[in-house]
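Shown next, in structure tokens, is the structure this report addresses.
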Amino acid sequence: MCVYTLGESLPTEIELAATGRYRVRMSWALNPEAGPFYSPFKGQGGALEYAADGHEADLEGVDQYCLAQVWNLFG
250 MCVYTLGESL PTEIELAATG RYRVRMSWAL NPEAGPFYSP FKGQGGALEY
300 AADGHEADLE GVDQYCLAQV WNLFG
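Position 43 (the sequence shown) corresponds to 292 in the numbering used here; numbering is contiguous.
Here it is as structure tokens:
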């Protein structure tokens with residue numbers, strides 16, 4: 250899996266239990282002190298909303314965090 254962040258590409262290895270079809274849910278937390286952040290995708294206008302409301306201290310100064318949840322459709 251490769252995660253494209255706001256400014257770089259981060260190849261990330263994950264180990265799956267078996268071959269098959271999977272779903273992935275991505276959730277981002279953006280540091281409001283480091284923004285504003287804008288989507289890298291064409292047609293996406295305006296600044297992105299910050300998902301860290303109330304949890305800014307948990308970011309420990311980094312610009313962003315990403316949580317990826319992966320599950321097997323038939324498992």
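All residues carry an ideal CB built from backbone N, CA and C; glycine is no exception.
The straight-line gap separating the alpha-carbon atoms of residue 315 and residue 308 is approximately 11 Å. Listed in chain order, the non-local C-beta contacts of residue 312 below 6 Å within the same chain comprise 280 and 283, local neighbours out to five positions each way being set aside.
By the 16-neighbour rule on beta-carbons within 10 angstroms, residue 286 is buried.
One Cα belongs to residue 275, the other to residue 253, and the distance between them is close to 11 Å.
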